[in-house]
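Asker: First, the structure itself, so that you have it in front of you.
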């Protein structure tokens with residue numbers, strides 16, 4: 001008798017494909033980050049700054065997810081990095097099958113880091129594994145310091161939170177320290193960075209974290225017996 | 227032969243129920259607004275200001291949609307208005323069936339305006355009719371002035387856009403005039419208001435629009451032959 005795999009849901013099918021992608025990324029020795037945030041939190045600006053900091057040192061590639069337009073991928077291309085744009089046609093999250101298609105147009109062989117910018121949405125992307133090593137939430141301080149309590153799912157499943165637009169703190173009722181505290185209340189293991197993608201303030205800690213994650217991944221691979 | 231209605235999709239079922247809700251709201255002479263925005267755009271702060279301006283003059287009721295917590299409805303209750311909280315348990319939009327259940331706990335008989343604060347999300351709520359008279363998008367200026375181009379669906383289906391947090395304009399690369407222009411490019415019929423829910427600046431135009439919409443609805447009903 002042949003065992004026919006029965007997929008109970010499209011998210012289960014997604015999880016299987018995501019695992020296959022993770023295996024492929026592991027063989028290619030590439031670190032993959034899945035960036036999740038509300039619209040306008042500054043995901044693309046963070047990418048531009050990250051590229052600026054790491055270009056020449058690490059080879060980056062970007063997959064851009066947007067409901068429509070290629071405005072973001074044009075910005076990444078201008079920053080000098082290979083990029084593929086996925087338009088979800090209004091869909092509120094990326095899925096593993098979209099990443100698989102994108103990889104047909106993006107040579108990640110030889111890349112060090114692939115950054116996936118998910119659709120601007122704090123809810124939908126959370127449940128869709130893309131084969132990434134880590135989810136990163138970008139939380140914009142003007143959105144308020146209570147966001148982790150109101151949208152806990154993204155924070156619960158992430159490894160890092162980048163608190164952006166801290167240059168605006170003097171003009172806001174929200175406090176970066178409270179946002180940090182609320183994020184850690186949802187997930188005590190989070191790495192938290194306070195930055196301004198506009199001024200460049202605080203970028204170093206975030207970029208160091210990427211370096212460390214890449215080193216960790218490669219060291220773990222080399223010490224795992226095959 | 228009996229015609230059995232066949233619903234082709236859950237959104238079609240939603241549309242039928244939304245029409246029934248709209249009919250009920252019409253009989254009760256109540257104006258219903260469906261507020262859509264990203265997380266942290268200032269929907270609840272706008273509601274607090276709106277209640278402050280209209281309380282005593284119009285009877286307001288509020289339905290709060292959030293993925294979790296009752297933080298927002300506690301703020302509305304403190305503002306002195308009847309409120310029901312819907313938790314979507316992570317779901318990214320409200321649906322007509324949720325409004326129907328909420329109406330079992332909220333006496334809108336005798337109310338003038340019911341404001342529904344949708345889940346913080348610029349994409350998912352767009353396709354789900356709640357029986358409202360108008361969708362209103364709250365666009366926070368710190369999110370950037372390109373949002374209408376990147377998330378056109380919400381702007382295309384709305385009747386009004388409230389540009390919030392204009393007190394931050396001196397400290398931002400984004401411009402309210404560009405955001406207005408981009409919104410009108412997507413939908414030339416939009417009423418656009420530039421406000422700060424923090425300082426109260428610009429609230430009058432928005433509140434006048436609510437008064438006008440209510441008057442229009444009641445006059446249209448009185449001139450329609452039954």
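Chains as they are written, first to last, in this note's numbering: chain A, 1 to 226; chain B, 227 to 452. Virtual Cβ for every residue (Gly too), placed ideally from N, Cα, C.
#1: Decide yes or no for the touch test of the segment 76-89 of chain A against the segment 300-308 of chain B: beta carbon pairs closer than 8 Å, at least 3 of them.
#2: Consult DSSP for residue 353 (chain B) and reduce its assignment to one of helix, strand or coil.
#3: Among A:177, A:159, A:61, A:164, which residue has its Cα nearest to the Cα of residue 187 (chain A)?
#4: Could you name the residues of the same chain whose beta carbon sits closer than 7 Å to that of residue 427 (chain B), not counting the 5 residues immediately before and after it, in chain order?
#5: Using the rule of at least 16 other Cβ atoms within 10 Å of the residue's Cβ for burial, across every protein chain shown, is residue 1 (chain A) buried or exposed?
#6: For residue 221 (chain A), which option in A:133, A:47, A:90 has the closest C-alpha, if you only look at C-alpha atoms?
#7: Pull the bridge partners of residue 390 (chain B) from the DSSP assignment, please.
#8: Does DSSP put residue 26 (chain A) in a helix, a strand or coil?
#9: What three-state label does DSSP hand residue 448 (chain B) in the structure shown?
#10: If residue 214 (chain A) sits next to residue 112 (chain A), beta carbons under 8 Å apart, how far is it from one beta carbon to the other, in whole angstroms?
#11: Do the segment 256-269 of chain B and the segment 135-153 of chain A touch if we need at least three Cβ pairs shorter than 8 Å?
#12: I need the DSSP call for residue 227 (chain B), collapsed to helix, strand or coil.
#13: Rounded to whole angstroms, what's the CA-CA distance from residue 410 (chain B) to residue 445 (chain B)? Just pull it up for me.
#14: According to the Cβ coordinates, are residue 341 (chain B) and residue 242 (chain B) closer than 8 Å?
#15: Grab me the residues of residue 235 (chain B)'s own chain with a C-beta within less than 7 Å of its C-beta, minus the 5 sequence neighbours each way, in chain order.
#16: Taking contact to mean at least 3 C-beta pairs separated by less than 8 Å, is the segment 49-67 of chain A in contact with the segment 205-212 of chain A?
#17: Which full runs of the alpha helix (DSSP H) of 4+ residues lie inside the segment 172-197 of chain A, going along the chain?
#18: Going by the beta-carbon positions, is the gap between residue 319 (chain B) and residue 345 (chain B) smaller than 8 Å?
#19: Could you pull out every residue in the same chain whose Cβ sits closer than 7 Å to the Cβ of residue 30 (chain A), ignoring the five residues on either side in sequence?
#20: If you run the structure through DSSP and keep just helix, strand and coil, what is residue 94 (chain A)?
#21: Could you tell me which chain B residues have their CB closer than 8 Å to the CB of residue 173 (chain A), listed as they occur along the chain?
#22: Going by DSSP in three states, residue 436 (chain B) sits in which element: helix, strand or coil?
#23: Quick check: what's the CA-CA separation for residue 363 (chain B) versus residue 84 (chain A)?
#24: Is the shortest distance between the beta-carbon of residue 1 (chain A) and the beta-carbons of chain B less than 8 Å?
#25: Name, in chain order, the residues that DSSP records as bridge partners for residue 299 (chain B).
#26: Given that residue 273 (chain B) touches chain A, what residues does it touch there, using C-beta distances under 7 Å?
#27: Give the interface partners of residue 369 (chain B) over in chain A, defined as CB-CB distance under 7 Å, in chain order.
Answerer: Judging by the given coordinates:
#1: no
#2: One-based indexing of the second chain puts residue 353 (chain B) at position 127. Of the three classes helix, strand and coil, the one that applies to residue 353 (chain B) here is helix, per DSSP.
#3: Your numbering for residue 187 (chain A) matches position 187 in the first chain. Per the Cα distances, A:159.
#4: Reading the second chain from its first residue, position 201 is the one you call residue 427 (chain B). So the qualifying residues of the chain are 392, 393, 421.
#5: Here residue 1 (chain A) corresponds to residue number 1 of the first chain, with the count starting at 1. The pLDDT assigned to residue 1 (chain A) is 49, lower than 50, so where the model puts this residue is not dependable, and the model offers no usable value.
#6: Here residue 221 (chain A) refers to the residue found at position 221 of the first chain. Residue A:133 is the option with its Cα nearest to residue 221 (chain A).
#7: As a first step, residue 390 (chain B) is located in the second chain; it is residue number 164 there, counting from the start. Paired residue(s): B:366.
#8: Within the first chain, numbered from 1, the residue matching residue 26 (chain A) stands at position 26. If DSSP states are grouped into helix, strand and coil, residue 26 (chain A) belongs with the helices.
#9: Here the question's residue 448 (chain B) lines up with position 222 in the second chain. Three-state result, residue 448 (chain B): helix.
#10: In the first chain, residue 214 (chain A) corresponds to position 214, counting from 1. In the first chain, residue 112 (chain A) corresponds to position 112, counting from 1. Right, their Cβ atoms sit about 6 Å apart.
#11: yes
#12: Indexing the second chain from 1 puts residue 227 (chain B) at position 1. Low local confidence applies: a pLDDT of 49 at residue 227 (chain B) is under 50, so the model's placement there is unreliable, with the coordinate-based value given in what follows. DSSP places residue 227 (chain B) in coil when its eight states are reduced to three.
#13: Here residue 410 (chain B) is taken as the residue at index 184 of the second chain, counted from 1. Here residue 445 (chain B) is taken as the residue at index 219 of the second chain, counted from 1. Roughly 28 Å between the two C-alpha positions.
#14: In the second chain, the residue the question calls residue 341 (chain B) occupies position 115. In the second chain, the residue the question calls residue 242 (chain B) occupies position 16. Their beta carbons are not under 8 Å apart, which means residue 341 (chain B) does not touch residue 242 (chain B) by this criterion.
#15: For the purposes of this step, residue 235 (chain B) is identified with residue 9 of the second chain, where counting begins at 1. Here the set comprises nothing.
#16: yes
#17: 176-186
#18: Here residue 319 (chain B) corresponds to residue number 93 of the second chain, with the count starting at 1. Here residue 345 (chain B) corresponds to residue number 119 of the second chain, with the count starting at 1. Result yes, Cβ atoms of residue 319 (chain B) and residue 345 (chain B) sit closer than 8 Å.
#19: In the first chain, counting from the first residue as 1, residue 30 (chain A) sits at position 30. Contacts found: 108, 111, 112, 113, 114.
#20: Your numbering for residue 94 (chain A) matches position 94 in the first chain. It is coil, neither helix nor strand.
#21: Looking up residue 173 (chain A) in the first chain gives position 173. Within chain B, the residues near residue 173 (chain A) are 424.
#22: The sequence position of residue 436 (chain B) within the second chain is 210, counting from 1. Residue 436 (chain B) falls in the helix class under three-state DSSP.
#23: Position 137 of the second chain, counted from the first residue, corresponds to residue 363 (chain B). Position 84 of the first chain, counted from the first residue, corresponds to residue 84 (chain A). Their Cα atoms are separated by approximately 30 Å.
#24: Position 1 of the first chain, counted from the first residue, corresponds to residue 1 (chain A). Because the pLDDT at residue 1 (chain A) is just 49, under 50, the model does not fix this residue reliably, and the value given afterwards should be weighed accordingly. Residue 1 (chain A) does not count as touching chain B.
#25: To locate residue 299 (chain B), count along the second chain from 1; it is residue 73. Partner(s): none; residue 299 (chain B) has no beta bridge.
#26: Counting from one through the second chain, the residue named residue 273 (chain B) turns up at place 47. What residue 273 (chain B) touches in chain A: nothing, since even the nearest Cβ is about 14 Å away.
#27: As a first step, residue 369 (chain B) must be located in the second chain, where it is residue number 143. By Cβ distance, chain A contributes 39, 40.
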